[in-house]
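Chemist: What follows is a structure written as structure tokens; I'll ask about it next.
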Amino acid sequence: MNFNAKPVYIYRYNFNVNKNTCHWLLSTSKEERLATDQSIELASLDDLHDWIAASGEAFNGILTVQEGHCKWFEQKYVNEFGETDFEYHYILL
Numbered sequence: 005m006n007f008n009a010k011p012v013y014i015y016r017y018n019f020n021v022n023k024n025t026c027h028w029l030l031s032t033s034k035e036e037r038l039a040t041d042q043s044i045e046l047a048s049l050d051d052l053h054d055w056i057a058a059s060g061e062a063f064n065g066i067l068t069v070q071e072g073h074c075k076w077f078e079q080k081y082v083n084e085f086g087e088t089d090f091e092y093h094y095i096l097l
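The opening position of the sequence shown corresponds to residue 5 in this note's numbering, with each subsequent residue numbered one higher.
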């Protein structure tokens, strides 16, 4: 498959060795992030889902992540109780 996919990078900064923590952001601009930090790699599907849980913001379009190519998926359906439910997540292509 030939995708016109944009890569999503995770970069980590402000490491605290004593607490084993750091701040992190996701970005589609590797050049922008390399200018400020050297700890950069392709994000994973888990990183994308963590980003949504933390920010409520999804990256749209076809993305390149560690696992391959993915896209944001939304589905509305009626559950077994007759109520409307929604399913949101990234799916691998």
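No residue lacks a Cβ here, since even glycine has one placed at the ideal position from N, Cα and C.
Treat the numbers as computed from the prediction; the structure is a model and nothing was measured.
Would you list, in sequence order, the uninterrupted beta strand (DSSP E) runs of no fewer than 3 residues that lie entirely inside the segment 34 to 89?
Modeler: Qualifying beta strand (DSSP E) stretches, in chain order: 44 to 46, 66 to 69, 72 to 82.
Chemist: Between the alpha carbons of D51 and I14, how many angstroms are there, rounded?
Modeler: Approximately 8 Å, taken between the alpha carbons.
Chemist: Nearest-angstrom Cα distance between E80 and E71?
Modeler: The sequence as given places Lys at residue 80; Glu does not occur at that position. If you take the alpha carbons of K80 and E71, they lie about 26 Å apart.
Chemist: Bridge partners for K10 per DSSP, in chain order?
Modeler: Bridge partners of K10: L67.
Chemist: Report the rounded CA-to-CA distance for H27 versus Y94, giving the unit in angstroms.
Modeler: The alpha-carbon atoms of H27 and Y94 are separated by roughly 23 Å.
Chemist: Can you tell me the Cα-Cα spacing of C74 and Y92, whole angstroms?
Modeler: If I take the Cα positions, the gap works out to 13 Å.
Chemist: Can you grab the Cα-Cα spacing for the pair L67 / K10, in whole Å?
Modeler: In a straight line, the C-alpha of L67 is about 5 Å away from that of K10.
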